[in-house]
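Let me begin by presenting the structure, written as structure tokens, before commenting on it.
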Amino acid sequence: MSFEDLMRTRSAAEYADFVLAFVGDRDRVLDVGCGPGSITVGLSQTAGHVIGVDLDEAEFTDARTYASEQGIDNVEFRGGSIYQLGFPDASFDVCTLFAMLETLDDPLAGLAEVRRVLKPGGLIGASSIEYGGLILHGPDEPLLRRFYQLRLQIWEAQGDVHYNRGRELRGLLLAAGFEDVEAFVTYLSYGTEERVRTFGLGRAADCRDEWYVGGVSEYGLGDPEEIAELERAWVRWAESPDSFAAFAWGRAVGRLPGRPQ
Numbered sequence: 023m024s025f026e027d028l029m030r031t032r033s034a035a036e037y038a039d040f041v042l043a044f045v046g047d048r049d050r051v052l053d054v055g056c057g058p059g060s061i062t063v064g065l066s067q068t069a070g071h072v073i074g075v076d077l078d079e080a081e082f083t084d085a086r087t088y089a090s091e092q093g094i095d096n097v098e099f100r101g102g103s104i105y106q107l108g109f110p111d112a113s114f115d116v117c118t119l120f121a122m123l124e125t126l127d128d129p130l131a132g133l134a135e136v137r138r139v140l141k142p143g144g145l146i147g148a149s150s151i152e153y154g155g156l157i158l159h160g161p162d163e164p165l166l167r168r169f170y171q172l173r174l175q176i177w178e179a180q181g182d183v184h185y186n187r188g189r190e191l192r193g194l195l196l197a198a199g200f201e202d203v204e205a206f207v208t209y210l211s212y213g214t215e216e217r218v219r220t221f222g223l224g225r226a227a228d229c230r231d232e233w234y235v236g237g238v239s240e241y242g243l244g245d246p247e248e249i250a251e252l253e254r255a256w257v258r259w260a261e262s263p264d265s266f267a268a269f270a271w272g273r274a275v276g277r278l279p280g281r282p283q
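Here the working numbering is used: the sequence shown runs in plain steps of one and ends on residue 283.
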């Protein structure tokens, strides 16, 4: 998938809409766990300046190239950890964490570092997928739900993804010292021919991914024949006019105490 395609399928307009309304053209924004950077670049269209941070600098190589080619000079990317952000105190007006907190074993420590770099009155916006809110319809539905059952079992065995963190965001932000916290759920839907096809074929590709296949094998969760059947089922689902899927995303916004600077 090209970065242009990523800007369309993983856009700030869709994934950061609950934060964009609070971002002004003079605001400095820190996007922690920015991943491939399409949302970060999208935020730069509204903010004064945006910095995306991720552990793996290779993740945002294409975003850097895209920003340079498009002459977008108010966005930059840096390697770094949420536990040690490397910025002075009170450096940012807004901090965003999209699909980030579910990867942390110690989210309060990460949020404490976010709090340090936010200005008094600064805004935090966080989102995490909530697998308890999965909606799935179409051919082979029980088989496709098995795909997700296996994925969650791998995560549970590895202990590196907290897949129900979406429901915990309000409590985490309050415990980290943020005020005026509002938490809610938004569904992102796959309900057009293009989105169904892209989503279904993407999950079929996941069935060939070394992480998924290796995890199923390593933890004794299934066998290669079952994974092959799951792949074929996702291809059928991608082509069906009856198919629909939607994921719940927990979202929360809050502010640091104090008057915005």
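From the three backbone atoms N, C-alpha and C, an ideal C-beta is built for every residue, glycine too.
Proximity winner among the options, relative to residue i (alpha-carbon distances)
i: PHE269; options: TYR212, ILE249, VAL75; result: TYR212
i: ILE249; options: TYR170, ASP202, ASN186; result: TYR170
i: GLY244; options: SER90, ILE157, MET122, GLN175; result: GLN175
i: SER150; options: ASP78, THR208, ARG168; result: THR208
i: ILE104; options: VAL203, GLY55, ALA267; result: GLY55
i: GLY147; options: ALA205, PRO161, LEU166; result: ALA205
i: ARG137; options: VAL218, LEU172, VAL97, VAL116; result: VAL116
i: ARG86; options: MET29, ALA43, ASP231; result: MET29
i: LEU194; options: ASP231, GLU36, LEU123, MET23; result: LEU123
Contact under 8 angstroms by Cβ, residue i with residue j
i: THR125; j: ASP182; result: yes
i: ASP49; j: GLY64; result: no
i: VAL257; j: LEU223; result: yes
i: LEU278; j: GLY132; result: no
i: ARG32; j: ILE61; result: yes
i: PRO110; j: GLU81; result: no
i: ARG168; j: LEU252; result: yes
i: HIS184; j: PHE266; result: no
i: VAL45; j: THR68; result: yes
i: PHE40; j: VAL218; result: no
i: ALA255; j: LEU172; result: no
i: VAL75; j: THR118; result: no
Helix, strand or coil at residue i [DSSP, three-state]
i: GLY188; result: helix
i: ASP202; result: strand
i: GLN21; result: The first residue shown for the chain is 23 and the last is 283, placing residue 21 beyond what the model contains.
i: GLN92; result: coil
i: VAL183; result: coil
i: PHE109; result: coil
i: ILE73; result: strand
i: VAL136; result: helix
i: VAL235; result: helix
Below-8 angstroms beta-carbon distance, residue i vs any chain C residue
i: GLN175; result: In summary, chain C is missing from the structure at hand, where a single protein chain is found.
Bounding residues of the alpha helix (DSSP H) (the contiguous stretch that carries residue i)
i: ALA250; result: 246–261
i: THR220; result: 215–228
i: ASP128; result: Note, ASP128: premise wrong, no alpha helix (DSSP H); not H, not E.
i: ARG30; result: 25–31
i: VAL41; result: 39–42
i: TYR241; result: TYR241 -> no alpha helix (DSSP H), and no H or E assigned at all.
Range covered by the beta strand (DSSP E) that runs through residue i
i: VAL54; result: 50–54
i: ILE151; result: 140–159
i: ASP115; result: 114–120
i: ALA270; result: 266–277
i: ARG100; result: 97–101
beta-carbon residue i near the ligand MN non-hydrogen atom, thresh 7 angstroms
i: GLY102; result: Summarising the ligand content, the structure contains no ligands, and the ligand MN is consequently not present.
Span separating the alpha-carbon of residue i from that of residue j
i: ASN186; j: TYR153; result: 6 angstroms
i: GLY188; j: ALA198; result: 16 angstroms
i: LEU191; j: ALA38; result: 16 angstroms
i: GLU178; j: GLY93; result: 43 angstroms
i: SER90; j: ASP84; result: 10 angstroms
i: SER262; j: ASP27; result: 23 angstroms
i: GLY102; j: TYR241; result: 31 angstroms
i: VAL203; j: PRO129; result: 16 angstroms
i: LEU140; j: GLU201; result: 13 angstroms
i: TYR88; j: GLY236; result: 33 angstroms
i: ALA226; j: GLU216; result: 15 angstroms
i: PRO246; j: PRO142; result: 54 angstroms
i: ASP127; j: GLN180; result: 12 angstroms
i: ALA112; j: SER66; result: 20 angstroms
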